[in-house]
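If you read the sequence shown in numbering that gives the first Met the number 0, its first letter stands for residue 0, the second for the next number, and so on. What follows is a short report on a single structure.
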Amino acid sequence: MQTSPDRHEYPAHWEADVVLRDGGTARIRPITADDADRLVSFYEQVSDESKYYRFFAPYPRLSAKDVHRFTHHDFVDRVGLAATVGGEFIATVRYDRINADGLPASSPADEAEVAFLVQDAHQGRGVASALLEHIAAVARERDIRRFAAEVLPANNKMIKVFTDAGYQQKRHFEDGVVRLEFDLEPTDRSLAVQRAREQRAEGRSVARLLAPGSVAVIGAGRTPGGVGRSVLENLREAGFTGRLYAVNGALQEKELGGVPAYSSVRDIPEPVDLAVVAVRAERVPEVVAECGEHGVQGLVVVSAGYAESGPEGRERQRELVRQARTYGMRIIGPNAFGVINTSPQVRLNASLAPEMPRAGRIGLFAQSGAIGIALLSRLHRRGGGVTGVTGVSTFVSSGNRADVSGNDVLQYWYEDPDTDVALMYLESIGNPRKFTRLARRTAAAKPLVVVQGARHGGAAPQGHAVRATRLPHATVSALLRQAGVIRVDTITELVDAGLLLARQPLPTGPRVAILGNSESLGLLTYDACLAEGLRPLPPVDLTTAASAEDFRAALTHALADDACDAVVVTAIPAVGEASTADAALAEALRSASAAAPAKPVLVVHVELGGLAEALSAAAGTAPQAARPTPPFVGSNHPVRPADRPPTVAEVPEAEADSRLIPAYPAAERAVRALAEAVRYGQWRREAADPGRVPEYEDIDERGAAEQIDGLLGDGGMGGLTLGPEDTCTLLGRYGIDVRRALPAPTPDEAAAAAERLGYPVALKTTAPHLRHRADLGGVRLDLADEEQLRRAYAELTSLFGTPEELRPVVQAMAPRGVDTVVRAVIDPAAGAVLSFGLAGAPSELLGDTAHRLIPVTDRDASSLVRSIRTAPLLFGWRGSAPADTAALEELLLRLSRLVDDHPEVVSVSLEPVVVAPHGLSALGASVRLAPPPVRDDLGPRTLPVY
0 MQTSPDRHEY PAHWEADVVL RDGGTARIRP ITADDADRLV SFYEQVSDES
50 KYYRFFAPYP RLSAKDVHRF THHDFVDRVG LAATVGGEFI ATVRYDRINA
100 DGLPASSPAD EAEVAFLVQD AHQGRGVASA LLEHIAAVAR ERDIRRFAAE
150 VLPANNKMIK VFTDAGYQQK RHFEDGVVRL EFDLEPTDRS LAVQRAREQR
200 AEGRSVARLL APGSVAVIGA GRTPGGVGRS VLENLREAGF TGRLYAVNGA
250 LQEKELGGVP AYSSVRDIPE PVDLAVVAVR AERVPEVVAE CGEHGVQGLV
300 VVSAGYAESG PEGRERQREL VRQARTYGMR IIGPNAFGVI NTSPQVRLNA
350 SLAPEMPRAG RIGLFAQSGA IGIALLSRLH RRGGGVTGVT GVSTFVSSGN
400 RADVSGNDVL QYWYEDPDTD VALMYLESIG NPRKFTRLAR RTAAAKPLVV
450 VQGARHGGAA PQGHAVRATR LPHATVSALL RQAGVIRVDT ITELVDAGLL
500 LARQPLPTGP RVAILGNSES LGLLTYDACL AEGLRPLPPV DLTTAASAED
550 FRAALTHALA DDACDAVVVT AIPAVGEAST ADAALAEALR SASAAAPAKP
600 VLVVHVELGG LAEALSAAAG TAPQAARPTP PFVGSNHPVR PADRPPTVAE
650 VPEAEADSRL IPAYPAAERA VRALAEAVRY GQWRREAADP GRVPEYEDID
700 ERGAAEQIDG LLGDGGMGGL TLGPEDTCTL LGRYGIDVRR ALPAPTPDEA
750 AAAAERLGYP VALKTTAPHL RHRADLGGVR LDLADEEQLR RAYAELTSLF
800 GTPEELRPVV QAMAPRGVDT VVRAVIDPAA GAVLSFGLAG APSELLGDTA
850 HRLIPVTDRD ASSLVRSIRT APLLFGWRGS APADTAALEE LLLRLSRLVD
900 DHPEVVSVSL EPVVVAPHGL SALGASVRLA PPPVRDDLGP RTLPVY
């Protein structure tokens, strides 16, 4: 690392790993004096044409002076960054600060000239675009606001890098050179471009892991039963369509179980796309180095002994990620269960699941191997509660998710044409802010169902590194729902919802028709609908004598009814001669639902194994009667390929396209899944018009910024809670008026304060144990004169303690209304959150608080007010006067603007806010300022480091 004559220490925080356009990775870091040999070697591998485009003249080699100049930087006015793979340069970028005349300059000059050079073998991988994002972030940090670049007209690739970046720019042509100038302030377009590139790159990096052309299993032993050998057998028996290799340093054989065998991955004569690593943890570094040198694109590390085993293992895990990324590889794991891709073109089972699941339209992600087994089992077999069969498109079990995480898999699923529904089991969320953003975008295109484990453990599971959050789980859950995530609590509910969403259309509303041959089961379904907030129609009882034709006619009639959005069919076994054959009933339901494909149909059955089998068979995904029912995934007796049931890809096309009618063993489960689909459908419709963030002409954004800068500059860089005057002034700049409360340390001062404010007044204690607790008696309201005020003062001090303990204040009375609480907080992990609820202990005890991410739109504010369970109190409950919810929504929008405009406002509490029939009054407020948490979602693309 260079020191003198540098003006600044080496900026280690500029180092970053990035995913490139083709899914590979590279490391970006500052160039130092130690890089002279690397720079010379890099330059020698650049073509003469690329050198000409960089220097505008033939430039076959760098002089010693050039090398010194390009490797010695002050990290302020002159900065160079390099993209490296395997420790060697593949591209460089540098800027030099210049003045208005284009000459070298120092601060306060805010313009710099920028230039790139990319090795020809790596052009087209998006390296220059990634470097531009990072050098722009560095420049902004060093108070450079504008870049200039001179490019030859024939250098179309570099011109495109600049023009596609999304920055506001100017372009002109002079002296045979195109001169580009652009501001570095991020714009909506530049951020959109950056996120689109992020999605393509990260999605492609997962695609390389899930659709490899060749796989090597490293650690496959001679005898069956070991982890490596099991993965090898699973790959072979699944019918992997690519090349398969076994690798074990102790092997002398040329084959292992019919698979070509080698002692090292380096001995394999063809390229290897994916390596499954199943060796002891202490041997993994050696294996990773061999894979990197051979050009392997990605790793699935099933080996254990990493962060889940303690601090030493955590450091071993970090080193594993660093080493793999050095070679441009991504990792699933360590401690992973593996990956599956059921596509007929791939048929990849690089996992410990002994059986390939049926092909289908559901994507599965699980951080836990055990839960992954349970999920695959539930979707693969007929039993386990949910009947009806559907299949899996892809499955990823990330283990410790040291590198590839649920965020990466979401990026892949977003554009995956084979996945219609995404199911995720998460034990931790490493980057909630990014997950929420990706979930919102994914949910707008396809359902995303999430169950989160370890909700109440208070800490992340062993092996998982997560960002600290101060938000309770209920708040995080509410924010995920706002992003369109279907949040469920159990694995059973996850599968229930997934089966419905994978094969049935979304309901257009909450109206549910119920029909069946059991009045009691129909009533149970009716009650379950009401409990879930649906609007059930009166159940239609077909009686136990109903035939298949009766069911078909009733279902056809219900689906044709414009007052119905979905149908739940209930069925119990019939007895006697009128018993309906299961296959006939299933065909009747299928034909009726096929005639009205826009409405979902669900079946609640009671001990009708035959019906569940028949319903699945009607959809073309069930095993034929002559085939045995497969054992669940994870058993010790895997089904051989010749014995396994047909997949969707293997049944006739007409059958595979048929709609599966999901069947449930209990009314509550069916209705709960339907209710989630109804809520998700409503979210999809509302997401098409998310509303707008209104502008208010009376907002003094500049004045607020100056006030905040002044307060933080006066010794408040560590954070400070504002006093009453500063609080009222700051909030007032955004049109939020707070009724002032005057201190009343003595009865005489209380009387003087009341005279100043005007009667009637309120006398309140502000001691921490009594504040906002009117139920404890620390408040006296509607004091009409001095006599009542002094009497109330005496009562409070006699009941609760001395004035010094009570800290009494006097405040002018506000119009009567509904007491509410409005809060905003910036969480370092989730971002800025706006919360709303009614004031008082009951709401706190019940957790009846709603949350929205900031910035809040007008539609968000409206739904926020209406989403708490006690909302009816604001809308004229039991004959009371409705509160002025329009004024309340405006307050929420103004507070959202304040926190969004000024991230230094890290916490605001307005309590209580009394919402009257006309207008509202904020009676108490507190504001905390602090330097804002670092937002990596607004910076350049970078892979997380755990």
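All C-beta atoms, glycine included, are put in the ideal place defined by N, C-alpha and C.
Alpha-carbon to alpha-carbon, residue j and residue i
i, j, result
"residue 316", "residue 16", "16 Å"
"residue 558", "residue 692", "40 Å"
"residue 556", "residue 524", "19 Å"
"residue 160", "residue 128", "6 Å"
"residue 429", "residue 348", "27 Å"
"residue 549", "residue 595", "17 Å"
"residue 638", "residue 353", "For residue 638, the predicted structure reports a pLDDT of 28, less than 50, and the residue's modelled location is therefore unreliable. The matter cannot be settled from this model."
"residue 471", "residue 849", "12 Å"
"residue 143", "residue 421", "43 Å"
"residue 39", "residue 115", "15 Å"
"residue 909", "residue 898", "13 Å"
"residue 494", "residue 449", "10 Å"
"residue 860", "residue 894", "11 Å"
"residue 53", "residue 288", "34 Å"
"residue 793", "residue 704", "44 Å"
"residue 306", "residue 284", "15 Å"
"residue 931", "residue 528", "45 Å"
"residue 784", "residue 778", "16 Å"
"residue 713", "residue 706", "11 Å"
"residue 164", "residue 126", "13 Å"
"residue 292", "residue 394", "28 Å"
"residue 786", "residue 759", "12 Å"
"residue 237", "residue 231", "10 Å"
Residue i in three-state terms, based on DSSP
i, result
"residue 16", "strand"
"residue 830", "strand"
"residue 763", "strand"
"residue 633", "A caution first: residue 633 carries a pLDDT of 34, below 50, which makes its placement in the model unreliable, though a value can still be read off. Correct three-state label for residue 633: coil."
"residue 949", "No answer is possible for residue 949: it lies beyond the span of the chain, which begins at 0 and ends at 945."
"residue 408", "helix"
"residue 157", "helix"
"residue 435", "helix"
"residue 946", "In the structure displayed, the chain extends from 0 to 945; residue 946 sits before or after that span and is not available."
"residue 706", "helix"
"residue 651", "Confidence is the limiting factor: at residue 651 the pLDDT is only 32, short of 50, which leaves the residue's position unreliable, though a coordinate-based value still follows. Note: residue 651 maps to coil in three-state DSSP."
"residue 949", "Since the first residue shown for the chain is 0 and the last is 945, residue 949 is missing from the structure and cannot be characterised."
"residue 237", "helix"
Assumed close pair residue i, residue j - CB separation to whole angstroms, cut-off 8 Å
i, j, result
"residue 259", "residue 244", "5 Å"
"residue 20", "residue 199", "6 Å"
"residue 241", "residue 212", "5 Å"
"residue 510", "residue 562", "6 Å"
"residue 567", "residue 513", "5 Å"
"residue 201", "residue 410", "4 Å"
"residue 182", "residue 193", "Contact doesn't hold; Cβ gap of about 15 Å is too wide."
"residue 683", "residue 531", "That pair is no contact at about 18 Å."
"residue 554", "residue 832", "Contact doesn't hold; Cβ gap of about 45 Å is too wide."
Bridge partner(s) assigned by DSSP for residue i
i, result
"residue 170", "179"
"residue 540", "515"
"residue 112", "95, 147"
"residue 355", "BP columns for residue 355 are empty, so no partner."
"residue 720", "927"
"residue 850", "834"
"residue 943", "Note: residue 943 sits in no beta bridge, so no partner."
"residue 86", "Answer is none; residue 86 lacks a bridge partner."
"residue 424", "365, 450"
"residue 297", "273, 329"
Contact test: residue i Cβ vs the ligand SAH heavy atom, cutoff 7 Å
i, result
"residue 258", "Absent from the structure shown: the ligand SAH. Ligands present: none."
Which ranges does the beta strand (DSSP E) cover as unbroken runs of at least 3 residues, wholly within the stretch 790-818, from first to last along the chain?
-> 807-811
In the stretch 197-233, which residue ranges form an unbroken beta strand (DSSP E) of at least 3 residues, counting only runs that do not cross its ends?
-> 213-217
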